[in-house]
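Undergrad: Handing you this structure, nothing more for now.
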Amino acid sequence: MFSFLTKIFGTANDRIIKKFHKEVQKINQLEEALQNLTDEELRDKTKQFKQKLSDGQTLDDITYEAFAVVREAAKRSIGQRHYEVQLIGGLILHRGMITEMRTGEGKTLVSTLALYLNALSGKGAHLVTVNDYLAKRDSEWMGQVFRFLGMSVGCVIGQMSDTDRKEAYNCDITYATNNEMGFDYLRDNMKFTQESRVQRPFSFAVIDEVDSILIDEARTPLIISGPVDTSTDLHGKINKLILNLDKGDYEIDEKAKSVTLTEDGINKMELMLAEYSLIAQHSSLYDFDNLNLVHYINQSLRAHFIFAKDVDYLIQDKKVLIIDEFTGRVMDGRRYSDGLHQALEAKENVPIQNENQTLASVTFQNYFRMYPKLSGMTGTAMTEAGELKDIYNLDVVSVPTHNKITRIDYDDVMYGTKAEKYAALIDLIKDCYERGQPVLVGTISIEKSEEISKELTRSKIQHNVLNAKMHEREAYVIAQAGRFKAVTIATNMAGRGTDIMLGGNPEMITEDLSKSLNEIQKNLEIERIKQEVRAEKEKVLATGGLYVIGTERHESRRIDNQLRGRSGRQGDPGQTKFFLSLEDDLMRIFASDRISGVLRTLGLKNGEAIYHPMISRSLEKAQQKVEAHNYEIRKNLLKFDDVMNDQRKIVYEQRNEIIASDDVSAFVTNMSDHLCSNIVQKYITPNSLREDWQIDELSAEIHRTLAIEFPIEELSAIEGAEEEISAILCAKVKDLYEKKLSDYGQDLMNSASKYLLLTTLDQVWKEHLHNLDYLRQGISLRAYGQKDPLNEYKREAFGLFEGMLDYLRELFIQRICYLHIDTEHVNRQAMALANKELQKMQTSRSDPAFEKYNSGSSIDAKVQPFKSYIDPNDRDPKDSETWGKISRNDLCPCESGKKYKHCHGMEA
Numbered sequence: 001m002f003s004f005l006t007k008i009f010g011t012a013n014d015r016i017i018k019k020f021h022k023e024v025q026k027i028n029q030l031e032e033a034l035q036n037l038t039d040e041e042l043r044d045k046t047k048q049f050k051q052k053l054s055d056g057q058t059l060d061d062i063t064y065e066a067f068a069v070v071r072e073a074a075k076r077s078i079g080q081r082h083y084e085v086q087l088i089g090g091l092i093l094h095r096g097m098i099t100e101m102r103t104g105e106g107k108t109l110v111s112t113l114a115l116y117l118n119a120l121s122g123k124g125a126h127l128v129t130v131n132d133y134l135a136k137r138d139s140e141w142m143g144q145v146f147r148f149l150g151m152s153v154g155c156v157i158g159q160m161s162d163t164d165r166k167e168a169y170n171c172d173i174t175y176a177t178n179n180e181m182g183f184d185y186l187r188d189n190m191k192f193t194q195e196s197r198v199q200r201p202f203s204f205a206v207i208d209e210v211d212s213i214l215i216d217e218a219r220t221p222l223i224i225s226g227p228v229d230t231s232t233d234l235h236g237k238i239n240k241l242i243l244n245l246d247k248g249d250y251e252i253d254e255k256a257k258s259v260t261l262t263e264d265g266i267n268k269m270e271l272m273l274a275e276y277s278l279i280a281q282h283s284s285l286y287d288f289d290n291l292n293l294v295h296y297i298n299q300s301l302r303a304h305f306i307f308a309k310d311v312d313y314l315i316q317d318k319k320v321l322i323i324d325e326f327t328g329r330v331m332d333g334r335r336y337s338d339g340l341h342q343a344l345e346a347k348e349n350v351p352i353q354n355e356n357q358t359l360a361s362v363t364f365q366n367y368f369r370m371y372p373k374l375s376g377m378t379g380t381a382m383t384e385a386g387e388l389k390d391i392y393n394l395d396v397v398s399v400p401t402h403n404k405i406t407r408i409d410y411d412d413v414m415y416g417t418k419a420e421k422y423a424a425l426i427d428l429i430k431d432c433y434e435r436g437q438p439v440l441v442g443t444i445s446i447e448k449s450e451e452i453s454k455e456l457t458r459s460k461i462q463h464n465v466l467n468a469k470m471h472e473r474e475a476y477v478i479a480q481a482g483r484f485k486a487v488t489i490a491t492n493m494a495g496r497g498t499d500i501m502l503g504g505n506p507e508m509i510t511e512d513l514s515k516s517l518n519e520i521q522k523n524l525e526i527e528r529i530k531q532e533v534r535a536e537k538e539k540v541l542a543t544g545g546l547y548v549i550g551t552e553r554h555e556s557r558r559i560d561n562q563l564r565g566r567s568g569r570q571g572d573p574g575q576t577k578f579f580l581s582l583e584d585d586l587m588r589i590f591a592s593d594r595i596s597g598v599l600r601t602l603g604l605k606n607g608e609a610i611y612h613p614m615i616s617r618s619l620e621k622a623q624q625k626v627e628a629h630n631y632e633i634r635k636n637l638l639k640f641d642d643v644m645n646d647q648r649k650i651v652y653e654q655r656n657e658i659i660a661s662d663d664v665s666a667f668v669t670n671m672s673d674h675l676c677s678n679i680v681q682k683y684i685t686p687n688s689l690r691e692d693w694q695i696d697e698l699s700a701e702i703h704r705t706l707a708i709e710f711p712i713e714e715l716s717a718i719e720g721a722e723e724e725i726s727a728i729l730c731a732k733v734k735d736l737y738e739k740k741l742s743d744y745g746q747d748l749m750n751s752a753s754k755y756l757l758l759t760t761l762d763q764v765w766k767e768h769l770h771n772l773d774y775l776r777q778g779i780s781l782r783a784y785g786q787k788d789p790l791n792e793y794k795r796e797a798f799g800l801f802e803g804m805l806d807y808l809r810e811l812f813i814q815r816i817c818y819l820h821i822d823t824e825h826v827n828r829q830a831m832a833l834a835n836k837e838l839q840k841m842q843t844s845r846s847d848p849a850f851e852k853y854n855s856g857s858s859i860d861a862k863v864q865p866f867k868s869y870i871d872p873n874d875r876d877p878k879d880s881e882t883w884g885k886i887s888r889n890d891l892c893p894c895e896s897g898k899k900y901k902h903c904h905g906m907e908a
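The numbers in UniProt numbering rise by one with no breaks, and the one at position 390 of the sequence shown is 390.
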């Protein structure tokens, strides 16, 4: 009945597209008038639009004319005219929705419409991409359109200076990667001056490959972290013991991606630990003193039996590098947390590096929800439309293709074993190769791509392999995958953002032209290449277009759809087929019993394949279950992360207020009043009898915390309750601060106070994040006590946050009271230097693939330490710059005889 009614009335998506078609006609009506304008008159339209906005009109009032102007500018600057479906895509983006457009439909050009219109407000418009290559390419390519209309265009990529970043963010339109934007946000909130920040307030963003960024990478936080002083020796020792375990000593749960020791395994491990003197003889692994070893053992077990080389990670330059599950790219500089990366390093016998502690973090979910207006574009979003609506309030609209799709999608074929599947797959590739039909083979891991590559080499078939090991010429290789006789093996959609053009991509080929050629020679060569490509395209069309072969199904339907979408670009012919076996991971783990029973009924024999729509449907249901499970994880993680996000907002707002303040004396007064009241109430309970007052302890605490002598006799002589003592103590702190103001001068004292307040806030926030990490790891156990872990987390996190604020007041006022400034050698550029130190830090993002193994854990990556350890003999007592990192309980290098924490460490 639903199908019948849909045929009559159309789907909801069809009705939305119909409305947009009417709006497109209004844009088309303006085209003729704009064609008659000179370039200068067309450029003046930008000034006219800005004037209209300042006169009170809205962006919606000028949408149609602005879109028509961009279309005309694109024709004149880059020789491309927006199709009607591209105008629809632009309208969808401007309305703050997600446009789903097939591969090759020109999403890059579509974005220019919404970016130009929203940039007219003067608040900046951002285009978010998934990698530096696309950000740079698109900013240069589409930047021609914007510059033609008098708009400034910036691009933010890795290894840029803060000055260049700030300049790029201040442009009308900024192209940047999701990672760089998130890290800039975190770094800005660790800066000490307003001028050193690079970003301005958020306004509007278009996210390219929105499903990848808001879904695949949503569970994984961007992290800035610092080193933790932990021993790495234990990882190596435990690794050696794990190698002695037999299959019966552990159990693997592939669905949950976990591994545990059996009873025999525990006994065996305890004997080995005792033999190596890691635990006492006859003691249990689960004794309280040995519990830390359990963590090391569990991580080593996972490193050996869950994580596979060339699937989850690879070894390069004696380093363990994580492979992104969704793109097949190496995630350089990123590390697993919680000791897992160290366990992998021990397993692979490469240098083991220290763990790290989170200094600042934010998830993409919470980062992009800070934009008042957000939109996105991708080729595959409808399967996740529910999640995008629930979490980001983004509707998804599927835009029809400019040309009718002529691609043929064959049903999946099923084999009994992998060997049979690979044999059939190689036969099909051979057939295509002999006929000259280009083939794109999609695999889900490096290991699988190399297996197929070996088979093709054995069969003497020339081919290109594109995976995490060979990513340097990624865009070029994928762009030429449509050439005659081309065979390309790609791991998980590597090369996203680059179209596969039948016959080859002439732009990519001409990029390699020799720089020694002069302009005339170069133009002749370009024309020759274009003619060759046109001729080759005709040959490829005759063979049936690009043949896309999937070697197995991915857990997510979107990844499969992205692979399929590589064929049939802009109405081109093409074919797609997935080869499966009962031994594939998805089949074996999620659907094996049910489907193998069906196949036996249908009469599956060795070497034969079964073609049946029911197989595809069963697999799709298995994929839907996995997607639903992953969605629940993401939704649950967001609920937990929202708790920290609320606290992050408060801390960052407070930080911004401090930075913007010219005078922080109000902060000092408020905090000291609050602290004095807390100190007094700690030792004098309100409304208690005087004989119950702990005067001795109160006097000692005042001296310890506030560096103020408040003798017991003087305290005892005060008449009245604790309020009077608090008021007198507050006055003493105020007098002390006033004295420091007169001694050091208003400007110097204010700068020092501001710097101390910011560094203290950063310190307590860092420690608070560490505490939240620990709380989060164990909170799920509350469910055994019939308590909701989320409510428990909220309650505990709120208590920790209040404790953090109390500690902030105490630590800051204590530092102010003990503050001594050497006015002769004062470094008046302390904040500038602090900002410079921040710039040296490396940043990292945790691995999306890892989150399914350990949902909820925050994953840190290696960063350079603020200070490194230095040999005590190399320290100059008179020059603190030569001291390096010092333990708080060591003697101070200044030779005062005091511990560092009671001497120079008090000011640090």
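Note that CB positions come from ideal geometry on N, CA and C, so glycine has one too.
If you scan the segment 392–478 from start to end, which runs of the alpha helix (DSSP H) of 4 or more residues do you find wholly inside it?
TA: 418–435, 446–458, all fully within the segment 392–478.
Undergrad: K577 bridges to which residues according to DSSP?
TA: Stepping through the sequence shown from its first residue, residue 577 is reached at position 577. In the DSSP output, where bridge partners are listed per residue, K577 has I549.
Undergrad: Can you tell me which of C730, L234, G720, E691 puts its alpha carbon nearest to the alpha carbon of F710?
TA: What you label residue 710 is simply residue 710 of the sequence shown in a count that begins at 1. The shortest Cα separation from F710 among C730, L234, G720, E691 belongs to C730.
Undergrad: What are the boundary residues of the alpha helix (DSSP H) that D788 is part of?
TA: Taking the sequence shown and counting its residues from 1, one reaches residue 788 at position 788. Per DSSP, D788 belongs to no alpha helix (DSSP H) and is neither H nor E.
Undergrad: Where do the N-terminal and C-terminal ends of the alpha helix (DSSP H) with E738 fall, by residue?
TA: As a working mapping, residue 738 is identified with position 738 in the sequence shown. From DSSP, the alpha helix (DSSP H) with E738 extends over 722–744.
Undergrad: V548: which of A660, S726, N771, R407 sits nearest, CA to CA?
TA: As a first step, residue 548 must be located in the sequence shown, where it is residue number 548. Of the listed residues, the one whose Cα sits closest to V548 is R407.
Undergrad: Sorry if obvious, but does the Cβ on I816 come closer than 7 Å to a heavy atom of the ligand GTP?
TA: Among the ligands in the structure shown, none appear at all, so the ligand GTP cannot be discussed.
Undergrad: Out of W693, R187, L344, G79, which one is the CA nearest neighbour of S716?
TA: As a position in the sequence shown, residue 716 is number 716, starting the count at 1. Selected option, being the one with the closest Cα: W693.
Undergrad: Residue range of the alpha helix (DSSP H) that C676 falls in?
TA: Within the sequence shown, the letter at position 676 stands for residue 676. Counting along the chain, the alpha helix (DSSP H) containing C676 begins and ends at 665–683.
Undergrad: Is M331 helix, strand or coil by DSSP?
TA: By 1-based counting over the sequence shown, the position of residue 331 is 331. Correct three-state label for M331: strand.
Undergrad: Hey, quick one: how far does the alpha helix (DSSP H) through H295 stretch, first residue to last?
TA: Locating residue 295 in the sequence shown gives position 295, where the first residue counts as 1. 291–305 is the span of the alpha helix (DSSP H), which, as asked, contains H295.
Undergrad: Which of the three DSSP states, helix, strand or coil, is assigned to M181?
TA: Here the question's residue 181 lines up with position 181 in the sequence shown. The answer is helix: DSSP assigns M181 an H, G or I state.
Undergrad: Taking all protein chains shown into account, decide if K404 is buried (16 or more other Cβ within 10 angstroms of its Cβ) or exposed.
TA: Counting from one through the sequence shown, the residue named residue 404 turns up at place 404. Exposed is the call here.
Undergrad: If I'm right that I98 touches V533 with Cβ under 8 Å, what's the distance once you round it to whole angstroms?
TA: If you number the sequence shown from 1, residue 98 lands on position 98. If you number the sequence shown from 1, residue 533 lands on position 533. Actually they do not touch by this definition, with Cβ atoms about 33 Å apart.
Undergrad: Could you name the residues of the same chain whose beta carbon sits closer than 7 Å to that of A752, not counting the 5 residues immediately before and after it, in chain order?
TA: Stepping through the sequence shown from its first residue, residue 752 is reached at position 752. These residues qualify, in order along the chain: L819, I821.
Undergrad: Assign K460 to one of two classes, buried (16 or more other C-beta atoms within 10 Å of its C-beta) or exposed (fewer than that).
TA: Here residue 460 corresponds to residue number 460 of the sequence shown, with the count starting at 1. Exposed.
Undergrad: Relative to the alpha-carbon of residue 909, which residue among G745, I712, F812, H304 has its alpha-carbon at the smallest distance?
TA: Past the boundaries of the shown model lies residue 909; the chain is included only from 1 to 908, so the question cannot be answered.
Undergrad: If Q562 sits next to T443, beta carbons under 8 Å apart, how far is it from one beta carbon to the other, in whole angstroms?
TA: For the purposes of this step, residue 562 is taken as the residue at position 562 of the sequence shown. For the purposes of this step, residue 443 is taken as the residue at position 443 of the sequence shown. 14 Å between Cβ atoms; not a contact.
Undergrad: When DSSP labels each residue in this structure, what does Y169 get in the three-state scheme?
TA: Here residue 169 is taken as the residue at index 169 of the sequence shown, counted from 1. It is helical.
Undergrad: I need the boundaries of the beta strand (DSSP E) containing Y313, first residue and last residue.
TA: Translated into positions along the sequence shown, residue 313 becomes position 313. Per DSSP, Y313 belongs to the beta strand (DSSP E) from 313–316.
Undergrad: Do you know how far the Cα of I708 is from the Cα of A666?
TA: Here residue 666 corresponds to residue number 666 of the sequence shown, with the count starting at 1. Here residue 708 corresponds to residue number 708 of the sequence shown, with the count starting at 1. Those two C-alpha atoms are separated by around 21 Å.
Undergrad: Please tell me whether V664 and I658 are closer than 8 Å, where the distance is taken between their beta carbons.
TA: What you label residue 664 is simply residue 664 of the sequence shown in a count that begins at 1. What you label residue 658 is simply residue 658 of the sequence shown in a count that begins at 1. Yes, Cβ-Cβ distance for V664 and I658 is below 8 Å.
Undergrad: Touch check for the segment 575–586 and the segment 405–424: three-plus C-beta pairs under 8 Å?
TA: Flag = yes, the segment 575–586 and the segment 405–424 touch.
Undergrad: Counting C-beta neighbours from all protein chains within 10 Å, is the total for T108 16 or more, i.e. buried, or is it exposed?
TA: Taking the sequence shown and counting its residues from 1, one reaches residue 108 at position 108. T108 should be labelled buried.
Undergrad: Going by DSSP, which residues form a beta bridge with P221?
TA: For the purposes of this step, residue 221 is identified with residue 221 of the sequence shown, where counting begins at 1. Beta-bridge pairing links P221 to T363.
Undergrad: Leaving out the 5 sequence neighbours to the left and right, which residues in its chain are closer than 6 Å to I215 when beta-carbon positions are compared?
TA: If you number the sequence shown from 1, residue 215 lands on position 215. Excluding sequence neighbours, I215 sits near E384.
Undergrad: Exposed or buried, Y774, counting other C-beta atoms within 10 Å across all chains shown (16 or more means buried)?
TA: Within the sequence shown, numbered from 1, the residue matching residue 774 stands at position 774. Label assigned to Y774: exposed.
Undergrad: For D208, count neighbouring C-beta atoms within 10 Å of its own C-beta (all shown protein chains included) and say buried if the count is 16 or more, exposed if not.
TA: Indexing the sequence shown from 1 puts residue 208 at position 208. Looking at its Cβ environment, which holds 16 or more other Cβ atoms inside 10 Å, D208 is buried.
Undergrad: Three-state secondary structure (DSSP) at G154?
TA: On the sequence shown, position 154 is the one that residue 154 refers to. DSSP places G154 in strand when its eight states are reduced to three.
Undergrad: Starting from T108 and walking both ways along the alpha helix (DSSP H), at which residues does that stretch end?
TA: Within the sequence shown, residue 108 is the residue found at index 108, counting from 1. Note, T108: alpha helix (DSSP H), 107–119.
Undergrad: Give me, in chain order, the residues of the same chain whose beta-carbon lies closer than 6 Å to that of F20; leave out the 5 immediate sequence neighbours on both sides.
TA: The sequence position of residue 20 within the sequence shown is 20, counting from 1. Taken in chain order, the residues that qualify are I88, L91.
Undergrad: In chain order, what residues of the same chain lie with their CB nearer than 7 Å to the CB of V668, ignoring the 5 residues before and after it?
TA: Taking the first residue of the sequence shown as position 1, residue 668 is located at position 668. Within the same chain, V668 has close Cβ partners Y737, S753, I816.
Undergrad: Who are the near neighbours of Y64 in its chain, counting only those whose CB is closer than 8 Å to its CB and skipping five residues on each side?
TA: The residue given as residue 64 occupies position 64 in the sequence shown. Here the set comprises E23, K26, I27, L30.
Undergrad: Use the C-beta contact count for M614: other C-beta atoms within 10 angstroms, 16 or more gives buried, fewer gives exposed.
TA: Taking the sequence shown and counting its residues from 1, the one referred to as residue 614 is at position 614. Exposed, because fewer than 16 other Cβ atoms sit within 10 Å of the Cβ of M614.
Undergrad: In its own chain, which residues sit with a C-beta less than 6 Å from the C-beta of K537, not counting the 5 before and 5 after it?
TA: Position 537 of the sequence shown, counting from 1, holds the residue named residue 537. Answer for K537: L502, G503, listed in chain order.
Undergrad: With burial defined as no fewer than 16 other Cβ atoms inside 10 Å of the residue's Cβ, what is the status of K453: buried or exposed?
TA: The residue given as residue 453 occupies position 453 in the sequence shown. Before going further, note that residue 453 is Ser rather than Lys in the sequence given. It is buried - the Cβ of S453 has at least 16 other Cβ atoms within 10 Å.
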